[in-house]
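Letter 74 of the sequence shown, counting from 1, is numbered 126 in our numbering, and no numbers are missing.
Accompanying notes for the structure given below.
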Amino acid sequence: MKFKVDSDACQSATTCIAFTIDDQEIYELDDENKASIITKDNDKIQDKWVDIKNVNGAGDIKEDELEKIILDSAKGCPFNAIMVENDKGKQIWPEN
Numbered sequence: 053m054k055f056k057v058d059s060d061a062c063q064s065a066t067t068c069i070a071f072t073i074d075d076q077e078i079y080e081l082d083d084e085n086k087a088s089i090i091t092k093d094n095d096k097i098q099d100k101w102v103d104i105k106n107v108n109g110a111g112d113i114k115e116d117e118l119e120k121i122i123l124d125s126a127k128g129c130p131f132n133a134i135m136v137e138n139d140k141g142k143q144i145w146p147e148n
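Take a look at the structure:
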């Protein structure tokens with residue numbers, strides 16, 4: 053599974069900020085208050101797909117739990133600014 057933040061769609065609702073993995077942040081706001089995905093290497097990514105295994109905190113959690121956290125964070129965004137694809141490249145959120 054992979055996901056990305058569409059910075060054009062992000063309207064700074066900050067709903068995603070509440071989602072963490074073992075108290076490690078998944079998202080961070082940039083200088084324009086747009087969400088970025090935080091990777092294991094502490095890179096801040098927008099508008100590019102990130103494999104969920106490379107997200108901050110992913111190493112210490114089962115993959116199915118990680119998938120649920122990422123999908124729930126995407127569904128929590130009122131602007132659908134977080135997109136999620138399955139391993140086959142099919143978009144699963146937002147639903148088409």
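All residues carry an ideal CB built from backbone N, CA and C; glycine is no exception.
Quick check: what's the CA-CA separation for residue i versus residue j?
{"i": "Gln143", "j": "Met135", "result": "7 Å"}
{"i": "Lys120", "j": "Ile73", "result": "11 Å"}
{"i": "Asp116", "j": "Ser88", "result": "22 Å"}
{"i": "Phe71", "j": "Ser125", "result": "6 Å"}
{"i": "Asp82", "j": "Lys140", "result": "30 Å"}
{"i": "Val102", "j": "Phe55", "result": "5 Å"}
{"i": "Asp93", "j": "Ile113", "result": "17 Å"}
{"i": "Ala133", "j": "Met53", "result": "17 Å"}
Between the options, which lies nearest to residue i when the distance is taken from Cα to Cα?
{"i": "Leu118", "options": "Thr67, Ala61, Ile78, Asp58", "result": "Ile78"}
{"i": "Glu84", "options": "Cys129, Val102, Ala61", "result": "Ala61"}
{"i": "Leu123", "options": "Lys114, Glu137, Asp112", "result": "Glu137"}
If you measure from the CB of residue i, is any heavy atom of the ligand GDP nearer than 8 Å?
{"i": "Glu84", "result": "With respect to the ligand GDP, the structure offers nothing, as it holds no ligand at all."}
Who are the Cβ neighbours of residue i in its own chain at under 6 Å, not counting the five residues just before and after it?
{"i": "Asp99", "result": "Ser59"}
Assign residue i to one of two classes, buried (16 or more other C-beta atoms within 10 Å of its C-beta) or exposed (fewer than that).
{"i": "Trp145", "result": "buried"}
Among residues of its own chain, excluding the 5 on either side of residue i, which ones have a beta-carbon nearer than 7 Å to its beta-carbon?
{"i": "Glu80", "result": "Ser88, Ile90, Lys96"}
- prompt: If we count Cβ pairs, one from each stretch, closer than 8 Å, do we get three or more for the stretch 104-111 versus the stretch 62-71?
  reply: Contact fails: fewer than three Cβ-Cβ distances are below 8 Å.
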